[in-house]
């Protein structure tokens, strides 16, 4: 039986590229997202894949999705938590709903998804959980009140998971995306930005794949990914 990789938060960027990259290595892929139209289109392209409509803000939906994955594909070997949307506003304009939604997407969803895969990984004493984060997890911008605070909480949760689960053979890592990802909508929004300032989704997926294959004698927890032209 092939290994199983779950990608939570699949869109036409990191999520899709991670699905393709792990499928190319023979993994069965479970892809979770709210956009069923895109999800089904990608699933038709990726061999041995299972598309599940799931809003990670809803714990019951997450539990149900992982039950389906277990029944149809088997135990999860790799979880890539790529869900990461949030409200972008300053502290005066941030809404309660936006704050809650940002936290549910980035932090609560990770907690619940992680809890579904940990038992089997503990039994096998192996497994990988990769969380796709952002520079906002390290510093809050004036207009990222909800998003940055949620990402900061997500990073702290990933640290807690890594410290708890590492001795059990489960590698938890946090990938900080520092830059603009090359997508149609980002190109349209910022046509003035040179190519050197864009992160390529396939290259992000390659780095994620390499993380999951690290020997436990030299595990990475936090990995910064930024394009050549990014100032930091």
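Residue numbers (the working numbering): 511 to 742. Glycine is no exception: its CB is placed at the ideal position from the N, C-alpha and C atoms.
### Query
When the Cβ atoms of the region 610 to 625 are set against those of the region 594 to 601, are three or more pairs found closer than 8 Å?
yes
### Task
Assign residue 661 to one of two classes, buried (16 or more other C-beta atoms within 10 Å of its C-beta) or exposed (fewer than that).
Residue 661 should be labelled buried.
### Task
Could you spell out the range, first to last residue, of the alpha helix (DSSP H) harbouring residue 628?
619 to 634
### Residue burial classification, residue 615 (beta-carbon count within 10 angstroms, cutoff 16)
buried
### Query
Near residue 717, what residues of its chain come up, given a Cβ to Cβ distance below 8 Å and the 5 sequence neighbours on each side ignored?
Leaving aside the five residues that flank residue 717 on each side, the residues in its chain whose CB is nearer than 8 Å to its CB run, in chain order, 685, 733 and 735.
### Message
Taking a contact to mean a Cβ-Cβ separation below 8 Å, would you say residue 502 touches residue 543 in this structure?
### Response
With the chain covering 511 to 742 only, the question about residue 502 has no answer from this structure.
### Message
So residue 692 and residue 740 are supposed to be a Cβ contact under 8 Å. How far apart are they, rounded?
### Response
Actually they do not touch by this definition, with Cβ atoms about 13 Å apart.
### Query
Any idea what DSSP makes of residue 541, helix, strand or coil?
strand
### Message
For residue 667 and residue 729, I'd like the C-alpha separation in whole angstroms.
### Response
18 Å
### Query
Nearest to residue 619 by CA position, among 712, 679 and 567, is which residue?
567
### Query
Does the beta-carbon distance from residue 531 to residue 719 come in below 8 Å?
Going by C-beta atoms, residue 531 is nearer than 8 Å to residue 719.
### Task
Please name the residue, chosen from 637, 702, 706 and 700, that lies closest to residue 683 on a Cα-to-Cα basis.
Out of 637, 702, 706 and 700, the CA that lies nearest to the CA of residue 683 is found in 637.
### Query
Roughly how many angstroms lie between the CA atoms of residue 518 and residue 552, to the nearest whole one?
Roughly 14 Å between the two C-alpha positions.
### Message
Since residue 706 and residue 738 should fall inside the 8 Å C-beta cutoff, what is the C-beta to C-beta distance between them, to a whole number of angstroms?
### Response
5 Å
### Task
Just tell me which of 642, 581, 681 and 523 has its CA closest to the CA of residue 725.
681
### Query
For the candidate residues 570, 539, 563 and 564, whose alpha-carbon lies nearest to that of residue 555?
539
#### Entry: Euclidean distance between Cα positions of residue 710 and residue 525
12 Å
#### Entry: Residue interval of the beta strand (DSSP E) (run including residue 651)
First-last for residue 651: undefined, no H or E at that position.
### Message
Helix, strand or coil, according to DSSP, for residue 714 in the structure here?
### Response
helix
### Task
Let me know the secondary structure DSSP gives residue 595 once reduced to three states.
Coil, per DSSP.
### Task
Tell me whether residue 516 sits in a helix, a strand or coil according to DSSP, three-state version.
It is a strand residue.
### Task
Taking all protein chains shown into account, decide if residue 574 is buried (16 or more other Cβ within 10 angstroms of its Cβ) or exposed.
exposed
### Message
At the level of alpha carbons, what is the spacing between residue 674 and residue 643?
### Response
19 Å
### Local Cβ density within 10 Å of residue 557, reported as buried at 16 or more and exposed below that
exposed
#### Entry: residue 646 vs residue 658 beta-carbon contact at 8 Å
Residue 658 is positioned such that its CB atom lies closer than 8 Å to that of residue 646.
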